[in-house]
Each structure stands twice: as C-alpha cells, then as structure tokens.
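Trainee: Everything in the sequence shown is counted per the numbering used here, starting at 11 for the first residue and increasing by one.
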Amino acid sequence: MSSSRIDQLEQFYQEDPTDPFNLYALALEQQKLDGNKAIELFTRLIKEHPEYIPTYYHLGRAYQDLGNRDQALKIFMAGIEQARRHSDLKALRELHAAHQDLLFDIE
C-alpha cells in the first residue's frame, strides 16, 4: 500500500462522506501503516455509522494490536450487540470468537 492508495481513498471519502465503505476502506489501509490513525478513523465510522458492523471487528483488532485489551473487549461486545440487533449471524460469530480468544489470552 502506498501513500497514493491512501490519497485515492481519502479522495473517495471526500467525494462521498456519506458512504461508510469509503471511510472503512481508508481505515483498513491506514491500519497497515498507523494503528492510531486507523483507530481514529474506525471510531469516527462507528460514530457516524454504528450499524456498519464490520468496523467493530477491525477496531477491536486495532486496539488489541496496540495492547489495549480492555478497549478491544469493549468494542467486540458493542459489535456483538449490533450484530444481534441486526441478525447478522456471520458477524456475530466472528466478533464472539475474537472476544473469546482475547478473553482466554488475558487469563
């Protein structure tokens, strides 16, 4: 991933900030370069589009990668609640597995 890819994704987001995928894609690219920037973008995405469920998984992983397990667990639980609310069984399984894996890793 190059800065030109990030620039392109930022342009897509600027052109249509109402499309959650634009911010999601930008956050995923940033996660490869700067975990803190990715957290900032994923957090903004959750605030603007709380129903965009894949965000919770990646935000939780970003926190986990930076060693903030408590925040990762909190985000995974918020994602589990959203997945249940929207009957998204695939996301529910993935978020639950990530939450459980982190719980067992802590203990």
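The beta carbon of each residue, even a glycine, is placed where N, CA and C say it ideally should be. These figures come from a predicted structure and were not determined experimentally.
Could you check what DSSP says for ARG77 in three-state terms: helix, strand or coil?
Mentor: At residue 77 the sequence reads Gly, which differs from the Arg that was named. Under the three-state reduction of DSSP, GLY77 is assigned to coil, being neither helix nor strand.
Trainee: Quick check: the segment 49 to 59 against the segment 71 to 91, are at least 3 beta-carbon pairs closer than 8 Å?
Mentor: yes
Trainee: Rounded to the nearest angstrom, what separates ARG103 and PHE86 at their Cα positions?
Mentor: 11 Å
Trainee: Please identify the residue among LYS100, PRO30 and TYR67 whose C-alpha is closest to the C-alpha of HIS109.
Mentor: Of LYS100, PRO30 and TYR67, the residue nearest in Cα terms is TYR67.
Trainee: With THR53 as the anchor, note down where its alpha helix (DSSP H) starts and where it stops.
Mentor: 45 to 58
Trainee: Helix or strand or just coil, what does DSSP make of ASP17?
Mentor: helix
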